[in-house]
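The working numbering applies: residue 14 is where the sequence shown begins, and numbers increase by one. Think of the CB as a built atom: it goes at the ideal place given N, C-alpha and C, for glycine as much as any other residue. Owing to the predicted nature of the structure, the values given are computational and were not obtained by experimental measurement. Worksheet: the structure to be examined is printed underneath.
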Amino acid sequence: MPIKFNASRRDRFAKAKYRVTNWAEYNEALRLRAQTLLIVSDIRTVGGPITLVADSTGLRVHGGRDWMREKHGLPKARKAWRKLNIGLGPENGELVASRLESEHVGDPGALPDLLAEMAGLVHRFIADGAYDGTPSAATIRQTFGADVELIIPPPKNAVPGECAACNAHIDMIANEGRMAWQKATGCGQRSRGEVQIGRCKQVIGSKLRVRLQSFSEC
C-alpha cells in the first residue's frame with residue numbers, strides 16, 4: 014500500500030507518549046549483574062562414561078579507569094587476567110566442569126582441579142596441544158584409569174617415545190596426514206568446546222569487573 018494513501022488523515026492519530034519511571038532501578042540491576050561472574054557448578058551425574066573436551070580462555074579484569082586514563086592522562090595500569098577452564102560433554106553440550114584460575118596458572122597446572130569436579134566416568138579425553146605432555150597424561154590416567162583414550166594432537170616435531178598410544182598417533186599423522194587423523198580419532202570435537210566458550214563470553218562478556226577471585230565463583 015503506498016505511503017501516501019493515509020496522508021490525508023495521518024494527523025488525526027494522537028502521538029503516543031511513553032515515560033519510563035524506573036531508569037534508576039534498571040541501571041542499578043544491570044550494574045550489579047555485571048559485577049559477578051557466574052560459573053555453573055551444578056554437576057549432573059551421568060549414567061555411563063562420557064567424552065570430555067577440555068579448553069580454556071582468558072578474561073581481562075576490567076578496572077573501570079579507562080575513561081579517567083583518557084581524560085586525565087593517568088599512567089597505564091598493568092592488565093590483569095583470569096583464566097576460565099571448562100570441561101564439556103560433546104554428546105549433549107553439557108558443561109560438566111569449570112574452574113577460574115589466575116593468569117599465572119597454565120592449562121596443565123589447572124587440570125587436576127578441573128578433573129576433580131567431574132562426577133562421572135570418562136573414557137575419552139580430547140584437548141588441544143597445550144595438554145600434550147607426560148604430566149598431563151599421568152594426571153588424566155590417575156583420575157579416570159589407565160584405559161582412558163587420550164586424543165591430543167602431537168606437535169609437528171614430535172618423535173616416538175615410550176607411550177604406545179602417542180606413537181600410534183604420530184605414525185598415523187606421518188602416514189595419512191593430520192586431517193585424516195583428526196577425522197578418524199574425533200579430534201574435531203574440540204571445536205564444540207570453543208563454541209561453548211563463545212557462548213559463555215556472550216553471557217558474561219569478555220571482561221571481568223571483580224578483582225577478587227572468591228567473588229567471581231559460585
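When the options are compared against residue i, the one with the closest alpha-carbon
i, options, result
"L72", "R112, R191, L65 and A193", "R112"
"G106", "T64, Q195, T198 and A123", "T64"
"A93", "E41, S115 and V66", "S115"
"A187", "H117, Y39 and P173", "P173"
"D126", "N170, V161, E162 and A67", "A67"
"P167", "E104, E207, V118 and I139", "I139"
"N170", "L124, H182 and E162", "H182"
"T198", "E38, S149, E162 and R32", "E162"
"G146", "L43, A178 and R32", "A178"
"H136", "H117, S149, D160 and M192", "D160"
The alpha helix (DSSP H) enclosing residue i, as first and last residue numbers
i, result
"T147", "T147 to F157"
"I210", "R203 to I217"
"G71", "From DSSP, G71 is part of no alpha helix (DSSP H) but of the beta strand (DSSP E) over I63 to V74."
Same chain, Cβ closer than 8 Å to residue i, neighbours up to 5 away in sequence not counted
i, result
"A129", "T156"
"T58", "With a pLDDT of only 48 at T58, under the threshold of 50, the placement of this residue in the model should not be trusted; the figure read from the coordinates follows. Same-chain partners within the cutoff: A132 and G133."
"A151", "none"
"G119", "A143"
"I56", "For I56, the pLDDT reaches just 47, beneath the cut-off of 50, and the residue's location in the model is therefore unreliable, leaving the point undetermined."
"N180", "P173 and G174"
Cβ-Cβ separation, residue j to residue i (assumed contact under 8 Å), whole Å
i, j, result
"Y144", "I164", "Actually they do not touch by this definition, with Cβ atoms about 10 Å apart."
"T70", "I210", "5 Å"
"R95", "V74", "6 Å"
"G206", "L101", "5 Å"
Terminal residues of the beta strand (DSSP E) in which residue i lies
i, result
"H136", "V135 to I139"
"K1", "Because the chain is modelled from 14 through 231, residue 1 falls outside the range shown and cannot be assessed."
"G142", "Neither: G142 is in no beta strand (DSSP E) and is coded neither H nor E."
"A110", "E107 to S115"
"G119", "Note, G119: premise wrong, no beta strand (DSSP E); not H, not E."
"R32", "It is not in any beta strand (DSSP E) - R32 carries neither H nor E in the DSSP assignment."
"N98", "W94 to G102"
Cβ pair residue i, residue j closer than 7 Å
i, j, result
"P103", "Q195", "no"
Sequence-distant residues of its chain with Cβ nearer than 6 Å to residue i (five each side left out)
i, result
"E175", "none"
"A123", "N98, R112 and E114"
"R32", "none"
Beta-carbon proximity list for residue i, same chain, < 7 Å, skipping 5 on both sides
i, result
"P148", "P121"
"R154", "V161"
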